[in-house]
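Residue numbers (our numbering), protein chains in the order written: chain A, 13 to 268; chain B, -14 to -1.
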């Protein structure tokens, strides 16, 4: 038996919006620790990892680990039927082939249940080693979203260069080129600022199409963290307050 | 030109 009740149901709606553009079908892994997912996009150059810890739910029960395969487009259709203030409960039997989403209005005067058919999905689980990254950038998530969106109107790829002075985003396209530099913010009173931790300067190039998909997670967190090392996939992480994270990995473009 | 490797070449498959 799996049962998870989330008073802030809008969080689950936002989580789904943050992954459904990247992945169509995915296995959710439910365990005593929480509700998790790891999935690659169809071209296998990007990966999303989600964790919602058990203690972030008002009620959480998972008698034995289970995998629930869902079509995310269909899951999204159902979650869109929940009000933003609704409480969402997910329920599934151990041997069942459906998951039930129950929506309760805050005044408890409307209760809905939606049953989604589960599916068998073959998926590769990747082991991602813990790595010390050469550069870590924390910046306002809305700023990162804006930069990715703006640059994708000029070019298809972005080169991200991190030095001790700041982080530079550059692109080139048919119409010209663009550079945006965010300097490390030195004012201490600003909560959302650009902070750089640097072991050594690093420059990597990525497809903007994927980064733009990652920024669908912007409503989940005020800050985004980018971690980069030479010739390694970038990690783009959004922390979900008191609950877990949505983390994306993207392979860099490498010169032939 | 530039190429993009699969993530499976960076991480190991479980």
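Beta carbons are placed, not taken as given, at the ideal position from N, Cα and C, and that holds for glycine.
Note that the coordinates shown come from a computational prediction; the quantities given were computed from them, not determined experimentally.
Query	Result
Residue 230 of chain A CB to nearest heavy atom of the ligand MN below 7 angstroms	No copy of the ligand MN appears in this structure; indeed no ligand is present at all.
Beta bridge counterpart(s) of residue 42 of chain A as assigned by DSSP	A:47, A:78
Three-state secondary structure (DSSP) of residue 226 of chain A	helix
is_contact[residue 136 of chain A, chain B] using C-beta, thresh 8 angstroms	yes
Option in A:150, A:163, A:144, A:79 with minimal Cα separation from residue 181 of chain A	A:163
Own chain, CB closer than 6 angstroms to residue 19 of chain A, minus 5 neighbours either side, in chain order	70, 99
Contact set for residue 64 of chain A: own chain, Cβ-Cβ below 6 angstroms, skip 5 residues either direction	46, 47, 255, 256
Limits of the alpha helix (DSSP H) - the one that residue 94 of chain A falls within	No alpha helix (DSSP H) holds residue 94 of chain A; DSSP gives it neither H nor E.
Residue interval of the beta strand (DSSP E) (run including residue 11 of chain A)	Since the first residue shown for chain A is 13 and the last is 268, residue 11 of chain A is missing from the structure and cannot be characterised.
Supposed contact pair residue 160 of chain A and residue 223 of chain A - C-beta distance, whole angstroms, cut 8 angstroms	5 angstroms
Meets three-Cβ-pair contact criterion under 8 angstroms: the segment 131 to 139 of chain A and the segment 76 to 86 of chain A	yes
Whole-angstrom distance between residue 261 of chain A and residue 218 of chain A, CA atom to CA atom	11 angstroms
Segment limits, alpha helix (DSSP H) that includes residue 120 of chain A	Per DSSP, residue 120 of chain A belongs to no alpha helix (DSSP H) and is neither H nor E.
Three CB pairs or more closer than 8 angstroms across the segment 23 to 35 of chain A and the segment 207 to 215 of chain A	no
Neighbourhood of residue 152 of chain A by C-beta distance below 8 angstroms, restricted to the same chain and skipping five residues each side	204, 205, 206, 234, 235, 236
Pairwise C-alpha distance: residue 42 of chain A and residue 177 of chain A	43 angstroms
Same chain, Cβ closer than 6 angstroms to residue 192 of chain A, neighbours up to 5 away in sequence not counted	159, 181
Cβ pair residue 113 of chain A, residue 102 of chain A closer than 8 angstroms	yes
Within-8 angstroms CB hit, residue 219 of chain A to chain B	yes
Unbroken stretches of the beta strand (DSSP E), 3 residues or longer, contained in the segment 234 to 261 of chain A	235 to 240, 246 to 252
Neighbouring residues, chain B, relative to residue 34 of chain A (Cβ below 8 angstroms)	Simply none; closest approach about 12 angstroms.
First and last residue of the uninterrupted alpha helix (DSSP H) at residue 156 of chain A	153 to 163
Candidates A:137, A:173, A:139: closest to residue 241 of chain A by CA position	A:173
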